[in-house]
Amino acid sequence: MPNFDPISIRNDFPILQTQVYGKPLVYFDNAATTQKPQVVIDVLNNYYTHQNSNIHRGVHYLSQEATTAFEKARESVRGFINAKHSREVIFTRGTTESINLVASSFGKCFLKKGDNIIISAMEHHSNIVPWQMVCEEHHAELKIIPIDENGDIMMDEFEKLITDDTRLVAVTHISNVLGTINPIEKIIKKSHQFDIPVLIDGAQGISHTEVDVQALNCDFYCFSGHKMYAPMGVGVLYGKEYWLEQMPPYQGGGEMIKEVTFKRTTYNELPYKFEAGTPNVGDVLGLEAAIQYMKKLTLPAIAEYENSLLQYATSRLSAYEDITIIGNSKQKASVLSFLIEQVHPYDAGVIIDKMGIAIRTGHHCAQPLMDWLNISGTMRASFAFYNTKEEIDKMMDAVVVIRTMFL
Ligand SMILES: Cc1ncc(COP(=O)(O)O)c(C=O)c1O
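Residue numbers for the sequence shown follow my numbering, so the first one is 9 and each next one is one higher.
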């Protein structure tokens, strides 16, 4: 990892200088949301100080400038995920909205009674509930790929679920609980053998691995800005033009139309057909700034460094017999769930918080996975490239204190 210096990187993130309860903040809740570098904060500040204007419709200077910046950001996103065309990049509020858009619009177009959709047992509620809703609406069935004791998708079982009536497969790239990096290339290849499109929930994938949607050949890839150092309230749906062209608009309103009369409306071309209403211009520019920031660090270097943190924390936790790590896939990103015997995750979370350490406790919006694992929740530390081994040592000191309190 030449040139990878987390200490200087930390200086780019003002919030990391914060003290909580009089102690320096240790922020290990990156799977929930990441912190923002100064360059992203500056772009927001600059936008609202100098550029704020509604886009696409205005002929005045500011509107044109904001429109150019907005479309340039779209092009940056396109490059970041290597989409073929920028018209395949749709701005949304986040992963949840991207998945809902596909579920609703794809469902209207392609789903009928007796069809089925396949998801996995490790999905976030955002990649479960929209499919449940759309299956209910169209009298289709939702099928679940099981996972094994390590937290890996059971590929043999997946193949058995595919039928002539399977219309779509929707799986997460990286589990927000287990950390498993799913074999999405294999899932996509297998599905395509049966002409079934695949949606990837990239909420966790986008910040930990290099994503090339053309190499993956996925049909849809969904992600949120706030999980990749960009502002909250902006996200992306990548969709292959082939599918997006056929799918009806998700919402009606301004921007998504070509012509409106009281009798009939014709729709705008891609990507605007799916972007009804005034878009979130400032946050889109913030997303572009975050992309430029990550590109400078490079994703392979980010992944390598984060993996070193994961290995270190895993080996430290593994030293205790009464600590169980939940999720032991060989392919893992820096998301580490664990349980301390006899200690409820919530109690542990409250105590650890008082020591200045932010981890997440609970079901992590994956209640069906918790049922599958037969647990009520976990403690979860999720690392970003600005975290350090010294911070992991602080968490371990806290874990040791909690163990002795509950012994
Ligand atoms: C795997 C996964 N999918 C979807 C989501 C939903 O993301 P958002 O709330 O940004 O829409 C999350 C958020 O934690 C996630 O981890």
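The beta carbon of each residue, even a glycine, is placed where N, CA and C say it ideally should be.
Since we're looking at a predicted model, the values are computed, not measured.
Exercise for the section: Could you tell me whether any Cβ in chain B is nearer than 9 Å to the Cβ of Asp160? Expected result: The chain inventory of the structure shown lacks chain B, comprising one protein chain alone.
Handout entry: Per-residue DSSP class, three states only, for Gly247
Key = The count along the sequence shown starts at 1 and reaches residue 247 at position 239. Reduced to three states, the DSSP call for Gly247 is strand.
Practice task
Say yes only if the C-beta of Ile182 is nearer than 8 Å to one or more non-hydrogen atoms of ligand 1, and no if none qualify.
Solution key: If you number the sequence shown from 1, residue 182 lands on position 174. Indeed, a heavy atom of ligand 1 lies less than 8 Å from the Cβ.
Handout entry: Residue range of the unbroken alpha helix (DSSP H) whose run includes Arg86
Key = As a position in the sequence shown, residue 86 is number 78, starting the count at 1. 69 to 89 is the span of the alpha helix (DSSP H), which, as asked, contains Arg86.
Practice task
Report whether the distance from the Cβ of Thr187 to the nearest heavy atom of ligand 1 is below 8 Å.
Solution key: Here residue 187 corresponds to residue number 179 of the sequence shown, with the count starting at 1. At residue 187 the sequence reads Gly, which differs from the Thr that was named. Gly187: no, Cβ never under 8 Å from ligand 1.
Problem - Three-state class that DSSP yields for Phe393 in the structure shown - result: Residue 393 sits at position 385 when you count from the first residue of the sequence shown. In this structure, Phe393 counts as coil in the three-state DSSP scheme.
Practice task
With a threshold of 8 Å, establish whether the CB of Glu105 neighbours any heavy atom of ligand 1.
Solution key: Residue mapping note: residue 105 aligns to position 97 of the sequence shown, counting from 1. It does: the Cβ of Glu105 is within 8 Å (strictly closer) of some heavy atom of ligand 1.
Problem - 4 or more residues per run - each alpha helix (DSSP H) lying fully within the region 293 to 365 - result: 307 to 326, 353 to 362
Exercise for the section: Assuming Val185 and Ala374 form a contact by the criterion Cβ under 8 Å, report the distance between their Cβ atoms to the nearest whole angstrom. Expected result: For the purposes of this step, residue 185 is taken as residue 177 along the sequence shown, with counting starting at 1. For the purposes of this step, residue 374 is taken as residue 366 along the sequence shown, with counting starting at 1. The Cβ separation is near 5 Å, so the contact holds.
Practice task
Please indicate yes or no: does the CB of His132 lie closer than 8 Å to some heavy atom of ligand 1?
Solution key: Position 124 of the sequence shown, counted from the start, is the residue given in the question as residue 132. His132 has its Cβ nearer than 8 Å to a heavy atom of ligand 1.
Exercise for the section: Can you give me the start and stop residues for the alpha helix (DSSP H) that Gly115 sits inside? Expected result: Locating residue 115 in the sequence shown gives position 107, where the first residue counts as 1. Run containing Gly115: 103 to 118, per the alpha helix (DSSP H) assignment.
Handout entry: Distance between beta carbons of Ile359 and Ile410, contact taken as under 8 Å
Key = As a working mapping, residue 410 is identified with position 402 in the sequence shown. As a working mapping, residue 359 is identified with position 351 in the sequence shown. In this structure, Ile410 and Ile359 form a Cβ contact; the two beta carbons are roughly 6 Å apart against a cut-off of 8 Å.
Handout entry: Strand pairing of Arg368, partner residues [DSSP]
Key = Stepping through the sequence shown from its first residue, residue 368 is reached at position 360. Per DSSP, the beta-bridge partners of Arg368 are Arg388.
Exercise for the section: Have a look at Ser113 and Glu96 and give me their C-alpha separation to the nearest angstrom. Expected result: Within the sequence shown, numbered from 1, the residue matching residue 113 stands at position 105. Within the sequence shown, numbered from 1, the residue matching residue 96 stands at position 88. Straight-line Cα distance between these residues: approximately 15 Å.
Exercise for the section: Give the single residue among Ser316, Glu398, Glu144, Ala129 whose Cα lies nearest to the Cα of Asn382. Expected result: Taking the first residue of the sequence shown as position 1, residue 382 is located at position 374. Measuring from the Cα of Asn382, the nearest candidate turns out to be Ala129.
Exercise for the section: Flag Arg95 as yes when its Cβ comes closer than 8 Å to any non-hydrogen atom of ligand 1, and as no otherwise. Expected result: Counting from 1 along the sequence shown, the entry for residue 95 is found at position 87. Arg95: no, Cβ never under 8 Å from ligand 1.
Exercise for the section: Taking only heavy atoms of ligand 1 into account, decide whether any of them is closer than 8 Å to the Cβ of Lys340. Expected result: Residue mapping note: residue 340 aligns to position 332 of the sequence shown, counting from 1. No, the Cβ of Lys340 stays beyond 8 Å of every heavy atom of ligand 1.
Exercise for the section: Please find out if some non-hydrogen atom of ligand 1 comes closer than 8 Å to the beta-carbon of Gly102. Expected result: Within the sequence shown, residue 102 is the residue found at index 94, counting from 1. True, at least one ligand heavy atom lies under 8 Å from that Cβ.
Practice task
Would you please state the rounded distance, in angstroms, between the beta carbons of Ile204 and Leu245? I believe it to be under 8 Å.
Solution key: Residue numbering aside, residue 204 sits at position 196 when the sequence shown is read from its first letter. Residue numbering aside, residue 245 sits at position 237 when the sequence shown is read from its first letter. With a Cβ gap of about 19 Å, Ile204 and Leu245 do not count as contacting.
Practice task
Between the Cα of His64 and those of Glu167, Glu263, Met163, spot the shortest distance and give me the residue it belongs to.
Solution key: Position 56 of the sequence shown, counted from the start, is the residue given in the question as residue 64. Of Glu167, Glu263, Met163, the residue nearest in Cα terms is Glu263.
Exercise for the section: Whole angstroms is fine: what's the gap from Lys338's alpha carbon to Thr188's? Expected result: Locating residue 338 in the sequence shown gives position 330, where the first residue counts as 1. Locating residue 188 in the sequence shown gives position 180, where the first residue counts as 1. In a straight line, the C-alpha of Lys338 is about 8 Å away from that of Thr188.
Practice task
Let me know if Asp330 comes out buried or exposed under the rule of 16 or more other beta-carbons within 10 Å of its beta-carbon.
Solution key: Here residue 330 corresponds to residue number 322 of the sequence shown, with the count starting at 1. Asp330 is exposed by the Cβ-count criterion.
Practice task
Just list the alpha helix (DSSP H) runs in the region 219 to 275, keeping only unbroken ones of 4 residues or longer that don't cross its boundaries, in chain order.
Solution key: 221 to 224, 249 to 254
Exercise for the section: Could you tell me the boundaries of the alpha helix (DSSP H) in which Asp164 lies? Expected result: Here residue 164 corresponds to residue number 156 of the sequence shown, with the count starting at 1. Counting along the chain, the alpha helix (DSSP H) containing Asp164 begins and ends at 163 to 169.
Problem - Among Ile208, Glu399, Ile89, the one whose alpha carbon lies nearest that of Ser106 - result: Sequence index remark: in the sequence shown, residue 106 carries index 98 (1-based). That would be Ile208, whose Cα lies nearest to the Cα of Ser106.
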